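Colleague: Chains A and B are the protein sequences, given in the same order. Quick note, the first sequence lines up with residues 18 to 580 if you use the working numbering. Quick note, the second sequence lines up with residues 0 to 348 if you use the working numbering. All C-beta atoms, glycine included, are put in the ideal place defined by N, C-alpha and C. Note that the structure is predicted; figures quoted are calculated from it, not measured.
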Amino acid sequence: MTVDATATKHPAPAVRRRHRLVEIGAMAAALVVMAPLVSLIFIAFSSDGSDWPHLIRNVIPASIETTLALLTMVAAGASFIGILAAWLITAFEFPLRRTLSWALILPLAVPTYLAAYAFAEFFHATGPVQSLYRDLLGYQSARDYWFPDIRSTGGTALVLVSVLYPYVYMTTRVVFLMQGRNLADAARTLGCGPLNAFWRVLLPVARPAVVAGVALVLMETLNDIGAAEYLGTKTLTFAVYATWLGRGSLAGGAQIALVMLAVVIALLSAEQWARKRQRFHNNRATAMKLRPVRIRLRRAKALAATAALCLPVLFGFGIPLFVFGRYALRRLDQIAEPRLADALITTVITASLTALLTVSLSLLLLNATRLSRALPVRLGARLASIGYALPGGLVALGLLYVLADIDNSVDAFMRAQFGFSTGLLLTGSMAAVVIACTIRFVALAEGSIRSGAEKLPANIDEAARSLGQTASGSARLILLPLLKPAILTAFLLVFVDTAKELSATILLRPFGYNTLATFVYENASRGAPEDGAIAALMIVATALVPVLLLAASFARDSTGQSL
Amino acid sequence: MGWARYTRRTVGLMTLAVALGGSTAAYAEGVVNIYTYRQPELIQPVLDAFTAETGIQTQVLFLDKGLEERVLAEGQNSPADVIMTVDVARLTKAKEKGITQALNDETINKNLPAEYRDPEGHWFGLTKRARVVYASKERVKDSAITYADLADPKWKGKLCMRSGQHDYNLALFGAAIAHWGPEKTEQWMQGLKANLAHKPEGGDRPQAKSIAAGECDIAIGNTYYVGLMRTNEKDPEEKVWGNAINVLFPTFENGLTHVNISGAALARYSPNHDNAVKLIQFLSGHKAQQIYAEKNFEYPVEPGLEPSEMVKSFGELKADTLPLVEIAANRKAASEMVDRVGLDDGPSS
Chain A
18 MTVDATATKH
28 PAPAVRRRHR
38 LVEIGAMAAA
48 LVVMAPLVSL
58 IFIAFSSDGS
68 DWPHLIRNVI
78 PASIETTLAL
88 LTMVAAGASF
98 IGILAAWLIT
108 AFEFPLRRTL
118 SWALILPLAV
128 PTYLAAYAFA
138 EFFHATGPVQ
148 SLYRDLLGYQ
158 SARDYWFPDI
168 RSTGGTALVL
178 VSVLYPYVYM
188 TTRVVFLMQG
198 RNLADAARTL
208 GCGPLNAFWR
218 VLLPVARPAV
228 VAGVALVLME
238 TLNDIGAAEY
248 LGTKTLTFAV
258 YATWLGRGSL
268 AGGAQIALVM
278 LAVVIALLSA
288 EQWARKRQRF
298 HNNRATAMKL
308 RPVRIRLRRA
318 KALAATAALC
328 LPVLFGFGIP
338 LFVFGRYALR
348 RLDQIAEPRL
358 ADALITTVIT
368 ASLTALLTVS
378 LSLLLLNATR
388 LSRALPVRLG
398 ARLASIGYAL
408 PGGLVALGLL
418 YVLADIDNSV
428 DAFMRAQFGF
438 STGLLLTGSM
448 AAVVIACTIR
458 FVALAEGSIR
468 SGAEKLPANI
478 DEAARSLGQT
488 ASGSARLILL
498 PLLKPAILTA
508 FLLVFVDTAK
518 ELSATILLRP
528 FGYNTLATFV
538 YENASRGAPE
548 DGAIAALMIV
558 ATALVPVLLL
568 AASFARDSTG
578 QSL
Chain B
0 MGWARYTRRT
10 VGLMTLAVAL
20 GGSTAAYAEG
30 VVNIYTYRQP
40 ELIQPVLDAF
50 TAETGIQTQV
60 LFLDKGLEER
70 VLAEGQNSPA
80 DVIMTVDVAR
90 LTKAKEKGIT
100 QALNDETINK
110 NLPAEYRDPE
120 GHWFGLTKRA
130 RVVYASKERV
140 KDSAITYADL
150 ADPKWKGKLC
160 MRSGQHDYNL
170 ALFGAAIAHW
180 GPEKTEQWMQ
190 GLKANLAHKP
200 EGGDRPQAKS
210 IAAGECDIAI
220 GNTYYVGLMR
230 TNEKDPEEKV
240 WGNAINVLFP
250 TFENGLTHVN
260 ISGAALARYS
270 PNHDNAVKLI
280 QFLSGHKAQQ
290 IYAEKNFEYP
300 VEPGLEPSEM
310 VKSFGELKAD
320 TLPLVEIAAN
330 RKAASEMVDR
340 VGLDDGPSS
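In C-alpha cells form, the structure reads like this:
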C-alpha cells in the first residue's frame, strides 16, 4: 500500500531512484559536517564531570550572564544599524548614498580579533581619542577623568556590532528593495507617510530577513574568542578555552560547548519559526524588477542621514585601517618578503577551495530538502549549520580526531594487508584545513542560498515541472540560473570568512602552511601585533575584493536578487 | 585521496619557492620536524644556527592550542620530532599525555643543570624567564618589592596585569601556592584584585604602556619584554613604554624570584630520532644559549653564562629554587582560584 502511495507522488521509478541518490548524498554530506560534533560529544562524555562543581559555582553562571548580555547588546546594535541603513539607502536620496550603499559592507572584511586590537588602541588612554579629550578639556593625566572602558562587555559589543552589522544590512536591504515598491506604494495610497509605512508595512515584511541576518551575527558573537579574549570578556567560549587549556580538561571544555549548542539550537529554532510564520514572495516575476522610488531628503535631514551612515563605516572599517595603517607604513619593506606573498597565495587558494566546496555542499543539502520529505534528510540539512556557532578551535579539534582515526585505520589496514605504510593522508594536510573551514561556514552559504530560493516565486518550479521537466531538470535549467546572485553571495561570504579564519587553520595545517591570518596571529601572540600590520591589511584587502564585487552587484542589481 | 595528495603538493611547491629549495620532503634525511608553542620568530635564529652547523633542515609548525592533542591523535604516524614550548606546566602535561619519550644523553645532561630538566629525561628547560614587577620610574620610589607587597592596600587602584588565566600568571600563582599554601595565596589574590586599576587584559607589553599612560603605577610582567620594548627601532612609542618603567625583582620570603622556563621535548614517535637528539643537544649548548640571551633577552640556563647587557642592567636575578614540577602541579588549583576570586573581573565586582 505504501508503495502505491509514493508511486502516485513520483510516477517514474527512475526518478525515485534519483531522488534516493540525492537523499543519500545529502545525508552523507550532513554526516561529514556533523562529524566534529559527534567527536566532541564523545570527548565530552569521556570524563566524569568532575569539573562541574567548580564550573557551576564559579564559572558558568557568570559566563552565561556575560554571554547573554553580549548577545543582547550585539543583536540590538546590529539590527538597529543594519535596518536603519537598509531603510535609508533604499527609501531616500541623500549625498553619498550610492557610495555608502556599498561602503556599508566594508567592515565585513575586518576580522573581529583585529577590530578588537584596533579599538583597544584607538580608545586607549594613549590613543587619539583620549589624547584629544585631554587636550580639549585641559586634563593632565588619564587618572583625572572618567572614560568608558573598551575592555568591558559593552566595549566588546561595540567592536562586534561595528564589524558584524553588515550581515543584517545585507539581508534586510534585499527585502526592502524587492518589496519596497509594491507594499510601500500600497501603504502610501492608503495615507501612510514614509515613517509610518516603514513601521507598519516594511519592517514586519522584512522581519524574517532581519532575523536571518541577526542569527548570523549572533553565531559569530557566540563563537568569537579573539575579541572576547583580548578585551577580557568572559563569555562561554572563553570558559571553554580556560577549562581546556588552563585547567587541562578538554572534556570539560567540550561539555561547556554542548551547553552552548543548546543556546544555538534555540536560536536556530527561533529563526526557523520566524521564517515559517512569515514568508513573502512575489507572484509575478516582473514585480522583482521594480525598485522603490526614493524620496529626496532636504538639507539638515540629508546631512543627518549621510552622517548617520558614515559612522558605522568609520567605526568598523576606519578605525582598524587607521591603527594598522600607521604600523604598516613603518614596515613597508615587509611587502617584498616572500613569506607574505606565500601567505597571500595560500589564503586565496584556501578561501577559494573552501567557498567552492561549501557552496556545492549547500546546494546538495538544499536540493535534498526540496525533493525529500524524509525527516532525517530535513533534520540533517538543518543541523549541518550548527558548526558555525561553535568555537572554531573545538570544531577543528573534533575534526582532527576523526581524520586522524581514518588515517591511522587506513594505515594499519595497509600495513597488515600489503606491508606498507600510508602514513597520515588527511591529518595535517591542506585538505584538513579546507574541510574544517567548510564545516564551519556551511551555514553561511546554506543560509544565503536558502533565503534567495525562498524569495523566488514558488510557481516557477511548478511551472517547469508541469511543462515536462524533471525535478533535477528544473533545478538545473530554471532554479540555478535564477539563484546565481544568491550563490555568488554565498561564495563570497564564505571566501571572506575563510580568509579571516584562524583557529581551525592553525590547528590542522601542515608544515610551512601559512595564511595571512596565521602570520598576523604569530606576531600578535608574541606581543608584537605591529609586525603583523601589513599582513592584517592584506587580509582586509583580500576580503575586500569579493566585498567590492558583492557591492558592485548590489549597485548594478536591478532585480534586488543578489542579496 | 588523490585530491588530498594533490593539494599537499601544491602547498609543498609554494613552500618550496619560499624556502629556496628543499625542506619540504617531510621524511627525507637531514630534516627535523618541530611542533612549537613558541612563535617561529623567537626560535628561528637558533634554528638557523643549527642548520648552519649541522646541515640538518628544520621544519616548524606553530600551534597556539591543541599541540598535545594533535600529536596524540596522529599517534605512531606523527611527523613531530621535537616539541618546543614555554611554561613548565605545558612540558609536564606533554609528558603526562604520553607524547614525549625519555632521552638520556650525556651532552644534554652535562649542559643543563638538573633543576631545569625532567629527572626521567622527558623534557628540558632551555631558557629562564623571570616574572617581575614593572614600576613607574616617575611615580614609584620603592627600590625593592616582594610578591606579598603586591597585595598591600597602598597600591589600591595602581596595579595592572594580564589575564590571571594566562600561563605566566598561573605559574606565578602556582609558585605562590607552593610557598604559602592555598589559603594565604587566595587572600593575597583577593588583595591583588582589590589593587587592580582596571580589568586584566592584553599581554605583558600593554601593561608597561598603561604605566606610561599613567593608568597604573606597577604591573606584573616578564623581563624579556622590557628588553624588546627598549630596543624597538620601528615603533618609537614602545621605547617610551619600556623607558617609563624600572624592573624590580620581587621575592618570596626566601629572597628569591619566580622563574618559569621555555623548553623542548623529544616526541614519542619521532621519525628522525637522531636529528631530534642533535637539535636538543644544540639547543642546550653554548651557541644556542648565547643567541637566546642576546636576541630574545631571556636568561640562559647554562651555568655561568651571563645574560645580555640589557638584561644585566635590570639588576641581578636570584632565581627561586622551588622545584618546577611543584609549580606545574599547582596549575589547576591556581586556575580555579583565579575564577573563584574573580581576578579577571577586575577591581569593582
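1) Consult DSSP for ASN76/B and reduce its assignment to one of helix, strand or coil.
2) Would you say VAL562/A lies against chain B (beta-carbon separation less than 8 Å)?
3) Give the DSSP-derived three-state secondary structure of GLU335/B in the structure shown.
4) Could you check the C-alpha separation between LYS192/B and THR363/A for me, to the nearest Å?
5) Give me the Cα-Cα distance between GLY144/A and MET160/B, rounded to the nearest whole angstrom.
6) On the three-state DSSP scale, how would you describe LEU255/B?
7) GLU185/B versus chain A: which residues are under 7 Å apart at the beta carbon?
8) Any beta-carbon of chain A closer than 8 Å to the one on ASP234/B?
9) Can we say the stretch 77-84 of chain B touches the stretch 239-256 of chain B, given the rule of at least three CB pairs closer than 8 Å?
10) Residues in the stretch 85-110 of chain B with C-beta within 7 Å of chain A's C-beta atoms, listed in sequence order?
11) Using a cut-off of 8 Å between C-beta atoms, extract the partners of ARG347/A located in chain B.
12) Count the C-beta pairs between the stretch 309-320 of chain A and the stretch 510-521 of chain A that are closer than 8 Å, then say yes if the count reaches three, no if not.
13) Mind listing the chain A neighbours of LYS198/B? Cutoff is C-beta to C-beta under 8 Å, in chain order.
14) For the beta strand (DSSP E) holding LEU62/B, just list the boundary residues, first then last.
15) For GLY490/A, which beta-bridge partners are listed by DSSP?
16) What number of angstroms, rounded off, separates the C-alpha of ILE477/A from the C-alpha of ILE495/A?
17) GLY415/A and LEU48/A - do their beta-carbons sit closer together than 8 Å?
18) So SER135/B is in the beta strand (DSSP E); what residue range does that whole segment cover?
19) Could you name the residues of chain B that HIS36/A contacts, counting a contact when the two beta carbons are closer than 8 Å?
20) How big is the Cα-Cα spacing for LEU154/A and ARG160/A?
21) Give me the DSSP bridge partner(s) of VAL31/B.
22) Using the three-state DSSP reduction, which class does TYR538/A fall into: helix, strand or coil?
23) If you compare alpha carbons, which of LEU131/A, SER446/A, VAL91/A, ILE452/A is closest to ALA541/A?
24) Considering only DSSP beta bridges, list what TYR298/B is partnered with.
25) The alpha helix (DSSP H) that contains THR99/B, what's its start and end?
26) Check whether chain A comes within 8 Å of ALA72/B, counting only Cβ atoms and requiring the distance to be less than that.
27) Using a Cβ-Cβ cutoff of less than 8 Å, which residues in the same chain neighbour GLY263/A once the five nearest sequence positions on both sides are dropped?
28) List the whole-angstrom C-beta distance separating PHE341/A from LEU554/A, where the pair is believed to meet the contact cut-off of C-beta under 8 Å.
29) Report yes if the C-beta distance between LEU125/A and VAL564/A is below 8 Å; otherwise report no.
30) Can you tell me whether ASN32/B is buried or exposed? The criterion is at least 16 other CB atoms within 10 Å of its CB, across all chains shown.
31) Whose C-beta lies closer than 6 Å to the C-beta of ALA175/B among residues of the same chain, with five residues either side of it excluded?
32) Would you mind sorting LEU461/A into buried or exposed? The rule is 16 or more other CB atoms within 10 Å of its CB.
33) Going by the CB atoms, is the gap between VAL91/A and LEU181/A shorter than 8 Å?
34) For TYR538/A, would you say it is in contact with chain B, using Cβ-to-Cβ distances shorter than 8 Å as the test?
35) How would you write the range of the beta strand (DSSP E) that VAL330/A sits in, first residue to last?
36) Taking 7 Å as the limit between beta carbons, can you name the residues of its chain near PHE332/A, skipping five residues before and five after?
Modeller: According to the structure shown:
1) If DSSP states are grouped into helix, strand and coil, ASN76/B belongs with the helices.
2) So no, VAL562/A is outside the interface.
3) Here GLU335/B carries a helix assignment [DSSP, helix/strand/coil].
4) The straight-line gap separating the alpha-carbon atoms of LYS192/B and THR363/A is approximately 44 Å.
5) If I take the Cα positions, the gap works out to 19 Å.
6) Looking at LEU255/B - three-state DSSP - the assignment turns out to be coil, as it is neither helix nor strand.
7) Neighbours of GLU185/B on chain A: none; closest Cβ ~12 Å, over 7 Å.
8) So, interface residue.
9) With a cut-off of 8 Å on Cβ pairs, the stretch 77-84 of chain B is not in contact with the stretch 239-256 of chain B, counting fewer than three such pairs.
10) Those residues of the stretch 85-110 of chain B that come within reach of chain A (Cβ to Cβ, closer than 7 Å) are LYS92.
11) Going along chain B in sequence order, the residues near ARG347/A (Cβ under 8 Å) are LYS233, ASP234.
12) No, because fewer than three Cβ pairs between the stretch 309-320 of chain A and the stretch 510-521 of chain A fall closer than 8 Å, the two stretches do not touch.
13) Going along chain A in sequence order, the residues near LYS198/B (Cβ under 8 Å) are ASP166, ARG168, SER169, GLY249.
14) Run containing LEU62/B: none; DSSP gives neither H nor E here.
15) The secondary-structure analysis by DSSP pairs GLY490/A with nothing; it has no beta-bridge partner.
16) Between the alpha carbons of ILE477/A and ILE495/A lies a gap of roughly 8 Å.
17) Taking 8 Å as the Cβ cut-off, LEU48/A and GLY415/A do not qualify as a contacting pair.
18) For SER135/B, the enclosing beta strand (DSSP E) covers residues 123-135.
19) None at all; the shortest Cβ gap to chain B is about 27 Å.
20) Approximately 13 Å between the Cα atoms of the pair.
21) Per DSSP, THR57/B.
22) Note: TYR538/A maps to helix in three-state DSSP.
23) Cα-wise, what sits closest to ALA541/A is LEU131/A.
24) In DSSP, TYR298/B forms a bridge with LYS127/B.
25) THR99/B -> no alpha helix (DSSP H), and no H or E assigned at all.
26) Cβ-Cβ to chain A under 8 Å: yes for ALA72/B.
27) The beta carbon of GLY263/A sits closer than 8 Å to no other beta carbon from its chain once the five residues preceding and following it are set aside.
28) At roughly 6 Å, the Cβ-Cβ gap stays under 8 Å, so PHE341/A and LEU554/A are in contact.
29) Yes. Within cutoff.
30) Answer is buried; the Cβ neighbour count reaches 16.
31) Take ALA175/B, set aside five residues on each side of it, and the residues of its chain with a beta-carbon closer than 6 Å to its own are THR184, in chain order.
32) Burial of LEU461/A is indicated by the presence of at least 16 other C-beta atoms within 10 angstroms of its C-beta.
33) Yes, Cβ-Cβ distance for LEU181/A and VAL91/A is below 8 Å.
34) Cβ-Cβ to chain B under 8 Å: yes for TYR538/A.
35) Annotation for VAL330/A: no beta strand (DSSP E) segment contains it, though the alpha helix (DSSP H) segment containing it runs 316-330.
36) Excluding residues within five positions, the ones whose Cβ falls inside 7 Å are SER179.
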